[in-house]
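Numbering (my numbering), first residue to last: 610 to 726.
Glycine included, every Cβ here is placed at the ideal spot set by N, Cα and C.
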Amino acid sequence: MNEKTITCIICPSSCHITVRGSGNSIESIEGHTCKRGMKYASSEYLHPERNLTAIVKAKDYKTPVISVRTSRPVPKDKQIACMRIIRELEVGPPYEIGRVILKNILDTGADILLTNE
Ligand code: SF4
């Protein structure tokens, strides 16, 4: 049996939720005070995901680098591999917020977007 304590980030109450389980099954969830927290803790225990932000090289831009982010969270266990790909990217104009510079990184369903212009 594994136990993981998760701080819920859905609202400012920041409840500490304890999830117990083994393998890919959950035995119990305690400490949440609403259904949203239970859903968040369950997802965080089974399939933790994070948004990524980074910088990439920029050609003909006002600075040598430009900031980017993922369009949606990516699985935590693919974060390092994603960052290795992102750091090799080099982008050119046009510089528009939200422009996709890489689609579906590592088959995560997340695109890499410019966050500056
Ligand atoms: S469990 Fe519910 S009340 Fe607690 S932090 Fe999460 S969303 Fe907010």
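Check                                                                                                                                : Outcome
Residue list, Cβ distance to the ligand SF4 heavy atoms smaller than 5 angstroms                                                     : Cys617, Ile619, Cys620, Ser622, Cys624, His641, Thr642, Cys643, Arg645, Gly646
Local conformation of Lys687 per DSSP, three classes                                                                                 : helix
Rounded Cβ spacing between Glu727 and Glu726 (contact assumed at less than 8 angstroms)                                              : Only positions 610 to 726 of the chain appear in this structure, which leaves residue 727 out of reach.
Whole-angstrom C-beta distance between Val683 and Arg659, which should lie under 8 angstroms                                         : 7 angstroms
Per DSSP, the bridge partner or partners of Ser676                                                                                   : Ile664
Beta-carbon contacts of Leu723 that lie in its chain and below 8 angstroms, excluding the five residues immediately before and after : Ile675, Ser676, Val677, Val700, Tyr704, Glu705, Ile706, Gly707, Arg708, Ile710
Beta-carbon proximity of Arg629 to Glu612, cut-off 7 angstroms                                                                       : yes
Separation of Glu697 from Val721, as counted between CA atoms                                                                        : Note that residue 721 is Ile in the sequence shown here, rather than Val. Computed Cα separation, rounded: 13 angstroms.
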